[in-house]
Amino acid sequence: MEELKKTCLYDSHIALGAQMSPFGGFMMPIQYSDIISEHNAVRHACGMFDVSHMGEIFVSGPDAERFANHIFTNDVSGMIPGKILYGMMLYPDGGTVDDLLVYRLPQTFLFVVNAANIDKDFAWMKQAAEGWNVSVENRSEEWGEIALQGPEAESMAAKALGMDLSDLVFYTFKEVGNVLVSRTGYTGEDGFEFYASAEEIRRIWDALLSAGTVPCGLGCRDTLRFEVGLPLYGHELGENISPLEAGLGIFVKLDKEEFIGKEATAALKADGLKRKIVGIELEDKAIPRSGYPVEIDGRQIGEVTTGYNSISTGKSVCMAMLDAEFAVPGTNVEIRIRKKTFPGKVCKKRFYDKNYKRN
Amino acid sequence: MSKIIEGLLYSESHEWVRAENGTAEIGITDYAQKSLGNIVYVDMPDEDDEVSQNEEFGAVESVKAASDLYSPVSGTVTEKNDALEDEPGLLNKDPYGNWIIRVSLSDLSELDSLMDAAAYKEFLDKEAH
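From first to last, the protein sequence lines stand for chains V and R.
Take the position in the first sequence, starting the count at 1, then add 1422; the result is the number in this note's numbering.
Take the position in the second sequence, starting the count at 1, then add 9; the result is the number in this note's numbering.
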């Protein structure tokens, strides 16, 4: 087995007594105190995450914009520097290589990709770049990243870092000294992501910590993103899942001239989806976990992709991939949990409202 | 350090047993609740269900994951702890003060196969290495 990588904040996690676990090829903090307190800190105050495991791949060169549009589902044409778009890279058959953010820098496009997919994505992008006048560089090892999330993120950045981010619009970024700061995140709350060198990232982390920011592990990162219906690659997206099935069609611009996977996606849309990801709310408190079967009258009609007892609402809820005919809000289903089945109802896959600052 | 209580019997899957007059209360140890983290659901058998030694009888679920419960003894469930349905976190707060099920024992000799406090402490020390 390949040795697990450490982020530039590893020593700090150990010093803080974090429970560490492998994730995406890295040894990452799952929790520092407990998942519920960390989750609530982000919902009601602010918390910070080491997300240095995320990958940073740069695309530059004369064909950069055209190439970015060739491999990315959203439309980067005319993006002005400082803008960010969410979207996917697809295989020709319409399955998902990864979901990612694209940052438009003056000369370059920065692709921020999932940790577990860095090598795969980089290889995919290099291969796709053959014959194009672009360079594709994986600089994941040089870059660290911190996500500061929660309603108090803006005031915390001002207090701890002396950064005035009040003018930074949702899904845009700016450079503050050697730090790239974006108003983005993966929790459904207002917040920022800081990208910088390892040294700079350690300085930011320590300053935020001294100012009282709650360090948060990947445990609550997952409960937070789940409650607001954000997908996680490997669960709601994957090589065999189209973004359309995951309800992410608005990030796939089928009116673009071309991109890898366009034909297959357009055909899927024209034929009608065979399955869809929905939300399910259970009556009981039993917890539907990833992979558990969803049934109607004893017949399996799908399976759970992510499920929790929602920390913010107290309800047991899940996202599940269901046969399309049953993916209708209000449909009564049963989820098999260990030896029993528990009744639930199909609902929207957003269990808690996002609280973004869209200034 | 995980807390261990004198006078209880322990299983290798981190359940405890308080046995008296042919009945037993079964719960999870402090070590178990710490490893699990915030407990948010306890799946318990019903009254009159049979449980068998070393066989699964339910589950405790933390935020992150489900963990099966294994019965340290065989017998018939006489009671389940209803308080855990509304407040599963009691198992985090006071794991030895909150039993999960009460069982009428069918084979008292099974108690001899369990560890006492000293043996369980030794067992935990070994697991840590």
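Backbone N, C-alpha and C fix where the C-beta goes; we use that ideal spot for every residue, glycine too.
Asked                                                                                                                                                                                     : Found
With DSSP collapsed to three states, give me the class of Ile1493(V).                                                                                                                     : helix
Cβ closer than 8 Å: which chain R residues qualify as neighbours of Gly1789(V)?                                                                                                           : No answer is possible for residue 1789(V): the residues shown for chain V start at 1423 and end at 1781.
What are the uninterrupted segments assigned as beta strand (DSSP E) that are 3 or more residues long and contained completely in the segment 1584–1649 of chain V, given in chain order? : 1595–1598, 1601–1604, 1613–1619
Could you work out which residues of chain V lie near Glu70(R), taking near to mean beta carbons separated by less than 7 Å?                                                              : Ile1709
When you compare the CB of Arg1647(V) with every CB in chain R, is at least one pair closer than 9 Å?                                                                                     : no
Less than 9 Å between CB atoms is the rule here; does Lys12(R) satisfy it with respect to chain V?                                                                                        : no
Is Trp1546(V) helix, strand or coil when you go by DSSP?                                                                                                                                  : helix
If you measure from the beta carbon of Asn1731(V) to each beta carbon in chain R, is any gap under 9 Å?                                                                                   : yes
Using a 10 Å radius around the Cβ and a threshold of 16 neighbouring Cβ atoms, would you call Asn1600(V) buried or exposed?                                                               : exposed
Determine the DSSP secondary structure at Glu1460(V), reduced to helix, strand or coil.                                                                                                   : helix
From the DSSP secondary-structure annotation, give me the bridge partner or partners of Arg1697(V).                                                                                       : Asp1745(V)
When DSSP builds the beta bridges, which residues end up paired with Ala68(R)?                                                                                                            : Asp52(R), Asp77(R)
I think Ala1582(V) touches Leu1630(V), with their Cβ atoms under 8 Å apart; what is that distance to the nearest whole Å?                                                                 : 5 Å
Just the chain R side, please: which residues come within less than 7 Å of Ile1458(V) by C-beta, in chain order?                                                                          : Asn47, Val72
DSSP state of Glu1717(V), grouped into three classes?                                                                                                                                     : strand
Just grab the DSSP bridge partners of Thr1429(V) for me.                                                                                                                                  : According to DSSP, Thr1429(V) bridges with nothing at all.
Grab the span of the alpha helix (DSSP H) containing Glu21(R) for me, first residue to last.                                                                                              : That residue, Glu21(R), is in no alpha helix (DSSP H); it is neither H nor E in DSSP.
Rounded to a whole number of angstroms, what is the C-alpha to C-alpha distance between Ala1746(V) and Arg1772(V)?                                                                        : 18 Å
Would you verify that the beta carbon of Ala75(R) is, or is not, closer than 9 Å to some beta carbon of chain A?                                                                          : The structure shown contains no chain A; its protein chains are V and R.
Interface residues of chain R around Arg1760(V) at Cβ under 9 Å?                                                                                                                          : Asp52, Glu65, Gly67, Ala68, Ala75, Asp77
Grab me the residues of Thr1429(V)'s own chain with a C-beta within less than 7 Å of its C-beta, minus the 5 sequence neighbours each way, in chain order.                                : Phe1448, Asp1472, Ser1474, His1475, Gly1566
For Val51(R) versus Gly84(R), is the C-beta spacing smaller than 9 Å?                                                                                                                     : no
Considering only the beta carbon of each residue, do Ser1664(V) and Thr1687(V) sit closer than 9 Å?                                                                                       : yes
Short of 8 Å in beta carbon distance, which residues of its chain neighbour Val1519(V), apart from the five on each side in sequence? Order them along the chain.                         : Met1510, Met1511, Leu1512, Tyr1513, Asn1539, Lys1542, Asp1543, Trp1546, Glu1661
Name, please, each residue of chain R whose Cβ falls closer than 7 Å to the Cβ of Gly1610(V).                                                                                             : Near Gly1610(V) there are no residues of chain R at all, since even the closest Cβ is about 17 Å away, more than 7 Å.
Return yes when the Cβ of Cys1769(V) is within less than 9 Å of the Cβ of Asn1726(V), no when it is not.                                                                                  : According to the sequence displayed, residue 1726(V) carries Val and not Asn. No; because the gap between Cβ atoms is not below 9 Å, this pair is not in contact.
Comparing the CB of Ala1545(V) with every heavy atom of the ligand FAD, is any distance shorter than 8 Å?                                                                                 : The model on display carries no ligand, and the ligand FAD is accordingly not part of it.
Report the residues of the segment 1440–1456 of chain V with a CB closer than 9 Å to any CB of chain R, ordered along the chain.                                                          : Gln1441, Ile1452, Gln1453, Asp1456
Taking a contact to mean a Cβ-Cβ separation below 9 Å, would you say Thr1609(V) touches Ala1569(V) in this structure?                                                                     : yes
By Cβ distance below 6 Å, which residues in the same chain neighbour Gly46(R) in space, the five residues on each side in sequence not counted?                                           : Ser71
Residues in the same chain with beta-carbon distance under 6 Å from Glu131(R), minus the five sequence neighbours each way, listed in chain order, please.                                : none
What is the rounded straight-line gap between the Cα of Met1470(V) and the Cα of Asn1462(V)?                                                                                              : 12 Å
First and last residue of the beta strand (DSSP E) that includes Lys1675(V)?                                                                                                              : Careful: Lys1675(V) lies outside any beta strand (DSSP E) and carries neither H nor E.
From Gly106(R) to Glu119(R), what does the alpha carbon distance come to, in whole angstroms?                                                                                             : 23 Å
Could you tell me whether the Cβ atoms of Asp1612(V) and Glu1649(V) are closer together than 9 Å?                                                                                         : no
Chain V beta carbons: is any one of them nearer than 9 Å to that of Leu15(R)?                                                                                                             : Residue identity check: residue 15(R) is Glu in the sequence provided, not Leu. Judged by the 9 Å Cβ criterion, Glu15(R) is not in contact with chain V.
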